[in-house]
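Read through the structure below, which is laid out as structure tokens, and then see the notes.
In the working numbering, the protein residues as written are 16 to 538.
Now the structure itself:
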């Protein structure tokens, strides 16, 4: 039996060599276990496969995973809320109040307990029920097959009911649907069964992000009711244009009468707005109404980008720093300064990308008003697509994550518009069975084709599942020398591989829908 050992990188190609080594070890592991399963089936043994928690009962194993994942999820959500509250107090230059627990974590100013509990019940309930159902299926069916993972994941997916907001459930279900499609496509492509035209493009992920953002920004301007309320508020507070102006733009594009009363009240309250002649049916809303505080479009867009950076940096820093500390506490205790510095770097880069997005989007709107005399709703679709090119400021690994994060929002918005136009049926609570089916597929790929999943998602799910998800274990009747090799191989690669995965996750953290990034109050 060949033996593999970790090869220390001696140059810039060390990481790639180690990745190839891990892939070879994984293929060897799967081949050995496949041979053992065939051998077990040939013997016709009636004994059901043993569970992978020999030191505890199935019930204790499930409850332990439930509690552990609940605490992890609760800690991530509550920690993000507390850190954002600290940033808010610091912004008011009330630095002493940061050390005052009554102001930092008071129920009046920090309302995260219910949401943190729901997030904990979602992930904890899924983890506990998944392990319990897997153990039951092993004993009931007396065999370990991919169907066990699919069925257990689908039933455990009912934990989505812990979220009481249907829009959040729908967003999470669509996010998992995009991830499942990614896994299925990667699986088919690796087996030379199917691949999309242009899948080899270097910036295909940026193109997908651009198309998704085009639909989202079009929906925000023209059909805001098709987006979740929390998402609308996030975009509105991030951007520099007031809501009455967007309403006037919608009415102008649709040929409806503009609400002059509300628009005049907004302009009157705005400093330096001056006197502007308003009509009920303007062909286009001019720049003097979009940014009444200044007559310079360049100054307006520059201020908009800088204000976006100031407002969103605390959010991105919290979403980078808190999850890493909670999920990798030991590594944070060993290298606290390096962790903080990487969190700052990641937050600055992500905030710069979002600031550039806002600046480009507003700049395109102003440019259109310089050359056109009539507005059109497609202008905002094109503006969103062009502004999304700012994603090129992000790391390559982050672009695909961001594309798959925004894509469900775009699909959800498009679905709502088509249903509203009676082109598609309106199925109540359809997100629950969709989420269950997607979780069944995700768990299959996690256990049997893990290479088809994105490294971040694979590491995140395994972390929340208490790192106990492995390929089906061989039965005790067939634990031979090859099984001992697998056990030793796992212990050999445990430390270096875990460190490598942690570094990958640290270098490219994702603002996934699982943290519900937009619905954080106070932004």
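The C-beta atom is built at its ideal place from N, Cα and C for all residues, glycine as well.
Owing to the predicted nature of the structure, the values given are computational and were not obtained by experimental measurement.
Where does the unbroken alpha helix (DSSP H) through residue i begin, and where does it stop?
i: residue 348; result: 344-349
i: residue 387; result: Neither: residue 387 is in no alpha helix (DSSP H) and is coded neither H nor E.
i: residue 259; result: 258-269
i: residue 186; result: 181-205
i: residue 216; result: Run containing residue 216: none; DSSP gives neither H nor E here.
i: residue 129; result: 128-156
i: residue 405; result: Note, residue 405: premise wrong, no alpha helix (DSSP H); not H, not E.
i: residue 241; result: Unbroken run through residue 241: none, as it is neither H nor E.
i: residue 284; result: 275-284
With DSSP collapsed to three states, give me the class of residue i.
i: residue 175; result: helix
i: residue 454; result: helix
i: residue 80; result: helix
i: residue 236; result: helix
i: residue 47; result: helix
i: residue 253; result: helix
i: residue 470; result: helix
i: residue 374; result: helix
i: residue 487; result: Bear in mind that a pLDDT of 41 at residue 487, under 50, signals an unreliable position, so the model cannot answer this.
i: residue 359; result: helix
i: residue 335; result: helix
i: residue 427; result: helix
i: residue 35; result: helix
i: residue 311; result: coil
i: residue 299; result: coil
i: residue 369; result: helix
i: residue 73; result: helix
i: residue 228; result: helix
i: residue 165; result: helix
i: residue 12; result: With the chain covering 16 to 538 only, the question about residue 12 has no answer from this structure.
i: residue 461; result: helix
i: residue 411; result: helix
i: residue 493; result: For residue 493, the pLDDT reaches just 38, beneath the cut-off of 50, and the residue's location in the model is therefore unreliable, leaving the point undetermined.
i: residue 101; result: helix
How would you call residue i, buried or exposed, if buried means at least 16 neighbouring beta carbons within 10 angstroms?
i: residue 298; result: exposed
i: residue 35; result: exposed
i: residue 70; result: exposed
i: residue 42; result: exposed
i: residue 405; result: buried
i: residue 442; result: exposed
i: residue 64; result: buried
i: residue 416; result: buried
i: residue 46; result: exposed
i: residue 179; result: exposed
i: residue 365; result: buried
i: residue 301; result: exposed
i: residue 265; result: buried
i: residue 396; result: buried
i: residue 351; result: exposed
i: residue 267; result: buried
i: residue 423; result: buried
i: residue 340; result: buried
i: residue 305; result: buried
i: residue 280; result: exposed
Closest to residue i by C-alpha separation, out of the options, would be which residue?
i: residue 195; options: 469, 154, 37; result: 469
i: residue 371; options: 339, 317, 166; result: 317
i: residue 296; options: 307, 270, 283; result: 270
i: residue 438; options: 315, 430, 280; result: 430
i: residue 426; options: 262, 224, 175; result: 224
i: residue 358; options: 381, 305, 332; result: 332
i: residue 231; options: 221, 222, 242; result: 242
i: residue 78; options: 140, 103, 50; result: 140
i: residue 102; options: 400, 386, 329, 193; result: 329
i: residue 467; options: 73, 205, 160, 183; result: 205
i: residue 435; options: 233, 240, 360; result: 240
i: residue 456; options: 374, 162, 421, 356; result: 162
i: residue 419; options: 169, 378, 220; result: 220
i: residue 540; options: 379, 408, 412; result: Since the first residue of the chain shown is 16 and the last is 538, residue 540 is not available in this structure.
i: residue 199; options: 383, 465, 38; result: 465
i: residue 72; options: 403, 385, 147; result: 147
i: residue 334; options: 292, 385, 345, 363; result: 363
Less than 8 Å between the CB atoms is what I'm expecting for residue i and residue j, so what's the real figure, rounded?
i: residue 185; j: residue 428; result: No, residue 185 and residue 428 are not in contact; Cβ-Cβ is about 11 Å, not under 8 Å.
i: residue 92; j: residue 130; result: 6 Å
i: residue 171; j: residue 145; result: 4 Å
i: residue 450; j: residue 188; result: 4 Å
i: residue 342; j: residue 136; result: That belief does not hold up - the Cβ atoms of residue 342 and residue 136 are roughly 18 Å apart, past 8 Å.
i: residue 152; j: residue 173; result: That pair is no contact at about 16 Å.
i: residue 259; j: residue 319; result: Not really, about 17 Å apart at Cβ, beyond 8 Å.
i: residue 308; j: residue 323; result: That belief does not hold up - the Cβ atoms of residue 308 and residue 323 are roughly 16 Å apart, past 8 Å.
Within 6 Å: the Cβ of residue i and any heavy atom of the ligand PLP?
i: residue 207; result: The ligand PLP is absent from the structure shown, which contains no ligand whatsoever.
For a cutoff of 7 Å on Cβ pairs, would you count residue i as touching chain C?
i: residue 275; result: Of the protein chains in the structure, only one exists, and it is not chain C.
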